[in-house]
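J.: Last residue of the sequence shown? That's 392 in my numbering, and every number before it is there in order. Let me give you the structure first, and then I'll get to my questions.
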Amino acid sequence: MSVAVLLRVLLYFINLLAVLHHRSTHGVLHLRGGGDTRGAFCHGQNCHIGLQGETFAQTANRRLRSEPDKNSKTKDRMAVLILYAHHQPYDRLQSLKDSLHTLTKNVLPWTPLDIFVFHASVFISPIDQNALQKEIGEHLHIIELPKWAIEEPGFLRNESEAFSKDRWRASFPTRWTHKRFGLGYRRMGTWGVEYALQFAHALGYQYAVKMDDDSAIVQPIKVNLIDYARSEGIDFGYRAVIRDDFPVLAGLAELTRFFLVSSGVSPTYLHESCRGGRLHNLYMSESTRDPPGWDGEVYFGNFLFWNTSYWVQPMVKEYIRLVRESGGIYRHRWTEQPVHTMVAKVFVPKDRVYQFGFAYQHQKLQLDVEHEP
C-alpha cells in the first residue's frame, strides 16, 4: 500500500472522528413535527434534516429563520439548492467555495438568499464546514442528507449493491447504462429530481434555484429575481439548452407518454419537441435508421429556477413517483436535467418559461451575457 493511500485512509478516519466528536459536543437540537416526519438535527446553520410533511417544515423553518433575520419571510427570499458531490478529478471543495462566493457577490446584494448545501456525512468535514460558514456567513446552511432521501427503490437494492461492488464486470445487467457514473452519482439524481424542490417548498420558499457545486454566476444580477419573476410571470427558468444522448434518456420519453395517456394530462408544449408536433412521436431510438420522435433537447441541469408550488401539485407528484419507481434514475442515470425538462414542458405554460441571459460558468463551459437578467 502506497504512502498516498495510507494518508487518505488516515484522513478519512480523522474526519470520521471529527464528525462523531462534533455531534457529541455541540448541543445538537432535535426538531420534530407532526405528521409523517423523520426528524431534523440542527446546530447553528449546520443542519441534519430529514424532511417529510408541512408541519415538520414549519418547525424547521422557525429554527432556521431564528437567526440572523427574525423578520424575514421565506416566501420573499430565494432558496439556492446545491448538492456537494465530491467528484474527482478536480478540487470540488474549491469549486463549491467559488460558486458560493459568486452568489454572495453577484446575487445576494439584490436578491435575498438562503443557500442550502447538502452533503453526505463524510463529504464535508466539520473543519471544512466551519471554514465555509465563516467565509460565506449567515446565509449558508449546511445540511447532511438522510439516507432515505436519496436511496434507490427497494426492488433495485440487489442490483444497486452489485453495481456498487463491481459495475465493470461483463455479467452486469446491461440496462445499467453509463457505467462510468457510480451509484453515488445516481443517488444525486434522486436528490435533484425530487427531494430538493420539495424541501424548499415545504420550508415556505416560493422560488428556488437548483445549482451544481461547480457552477457560477459570474456577473452581477442587479435586480431582485423574486420581484422580477413575479412581475414577469416566470414559473420556470433556465440558462442553457443542450441535447442529451440516447443512453441517458432511454425510456424516459416512453414513460412520459404512458403517463400522459394513462392520466389524461394534456401537456402545455411538449408536443413542440416531437416530430411533426405530434405526441405519438414521443419516443427515443437507438437506431440511426429510425430517427427519434423526440428531439432530446433538455434544459441544462446545473441552473434551474422554479416556482416551487409545482412540486406539490398532485399530478406532478404522481409523475415524479412514476419516474422514481421505474428505476430509470439508477439504471439509465436519469437526472433532474431530462426529468425537470419533462415537468416544465408538460405542466408549465410556455409563456411562463424564461431563459436567463446572465454570464454563467459550468466547469469549462463559459456563457457570455446575452441579455438582462
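We treat Cβ as the ideally placed atom computed from N, Cα and C, and that holds for glycine.
1) Is the Cβ-Cβ distance between Pro-128 and Asp-95 less than 8 Å?
2) Could you tell me which residues DSSP puts in a beta bridge with Val-260?
3) Out of Arg-206, Glu-178, Asn-177, state which residue places its alpha-carbon closest to the alpha-carbon of Trp-167.
4) With DSSP collapsed to three states, give me the class of Thr-121.
5) Going by DSSP, what residue range makes up the beta strand (DSSP E) through Tyr-379?
6) Report, in whole angstroms, the separation of the C-beta atoms of Leu-323 and Tyr-247, which I expect to be a contact under 8 Å.
7) Please classify Leu-222: does DSSP put it in a helix, a strand, or coil?
8) So Asp-133 is in the beta strand (DSSP E); what residue range does that whole segment cover?
9) Can we say the segment 318-332 touches the segment 155-165, given the rule of at least three CB pairs closer than 8 Å?
10) Met-334 and Ser-282: beta carbons closer than 8 Å?
11) Please state the DSSP three-state secondary structure of Asp-387.
12) How many angstroms separate the CA atom of Pro-165 from the CA atom of Gln-385?
13) I'd like to know whether the C-beta atoms of Ala-363 and Tyr-302 end up nearer to each other than 8 Å.
14) Could you tell me which residues DSSP pairs with Lys-229 in its beta bridges?
15) Taking only the alpha-carbon atoms, compute the straight-line gap between Phe-277 and Gln-148 and give it to the nearest angstrom.
16) Please classify Gly-347 as buried or exposed, where buried requires at least 16 other C-beta atoms within 10 Å of its C-beta.
17) One question on the structure: do Gly-208 and Arg-352 come within less than 8 Å of each other, judged by their Cβ atoms?
18) In three-state DSSP terms, what is Gln-374?
19) Which residue wins for smallest C-alpha separation from Val-372, given the options Cys-293, Val-267, Arg-249?
20) Ile-245 bridges to which residues according to DSSP?
T.: Once the coordinates are examined:
1) Residue mapping note: residue 128 aligns to position 109 of the sequence shown, counting from 1. Residue mapping note: residue 95 aligns to position 76 of the sequence shown, counting from 1. It is not a contact, given that the beta carbons lie outside the stated cut-off.
2) Residue 260 sits at position 241 when you count from the first residue of the sequence shown. Paired residues: Tyr-318.
3) Reading the sequence shown from its first residue, position 148 is the one you call residue 167. The option with the nearest alpha carbon to Trp-167 is Arg-206.
4) On the sequence shown, position 102 is the one that residue 121 refers to. For Thr-121, the secondary structure class from DSSP, reduced to helix, strand or coil, is helix.
5) As a working mapping, residue 379 is identified with position 360 in the sequence shown. Taken as a continuous stretch (DSSP letters only), the beta strand (DSSP E) holding Tyr-379 covers 379-381.
6) Here the question's residue 323 lines up with position 304 in the sequence shown. Here the question's residue 247 lines up with position 228 in the sequence shown. With a Cβ gap of about 16 Å, Leu-323 and Tyr-247 do not count as contacting.
7) The residue you call residue 222 lines up with position 203 of the sequence shown. Three-state result, Leu-222: coil.
8) Indexing the sequence shown from 1 puts residue 133 at position 114. Looking at the DSSP string, the run of the beta strand (DSSP E) that includes Asp-133 is 132-138.
9) Contact between the segment 318-332 and the segment 155-165 is absent, because fewer than three Cβ pairs lie under 8 Å.
10) Locating residue 334 in the sequence shown gives position 315, where the first residue counts as 1. Locating residue 282 in the sequence shown gives position 263, where the first residue counts as 1. Taking 8 Å as the Cβ cut-off, Met-334 and Ser-282 qualify as a contacting pair.
11) Taking the sequence shown and counting its residues from 1, one reaches residue 387 at position 368. Residue state for Asp-387 is assigned as coil, using DSSP reduced to three classes.
12) Position 146 of the sequence shown, counted from the first residue, corresponds to residue 165. Position 366 of the sequence shown, counted from the first residue, corresponds to residue 385. If you take the alpha carbons of Pro-165 and Gln-385, they lie about 34 Å apart.
13) Residue mapping note: residue 363 aligns to position 344 of the sequence shown, counting from 1. Residue mapping note: residue 302 aligns to position 283 of the sequence shown, counting from 1. Taking a C-beta distance under 8 Å as the contact criterion, Ala-363 and Tyr-302 do not qualify as a contact pair.
14) Here residue 229 refers to the residue found at position 210 of the sequence shown. Looking at the DSSP assignment, Lys-229 forms a beta bridge with Leu-100, Leu-323.
15) Numbered from 1 along the sequence shown, position 258 holds the residue referred to as residue 277. Numbered from 1 along the sequence shown, position 129 holds the residue referred to as residue 148. Their backbone Cα atoms lie some 44 Å apart in a straight line.
16) The residue you call residue 347 lines up with position 328 of the sequence shown. Counting of Cβ neighbours within 10 angstroms places Gly-347 among the buried residues, the total reaching 16 or more.
17) For this step, residue 208 is matched to residue 189 along the sequence shown. For this step, residue 352 is matched to residue 333 along the sequence shown. Their beta carbons are under 8 Å apart, which means Gly-208 touches Arg-352 by this criterion.
18) Locating residue 374 in the sequence shown gives position 355, counting from the first residue. In this structure, Gln-374 counts as strand in the three-state DSSP scheme.
19) One-based indexing of the sequence shown puts residue 372 at position 353. In terms of Cα proximity to Val-372, the closest of Cys-293, Val-267, Arg-249 is Arg-249.
20) Taking the first residue of the sequence shown as 1, we reach residue 245 at position 226. Answer by DSSP bridge pairing: none, since Ile-245 is not bridged.
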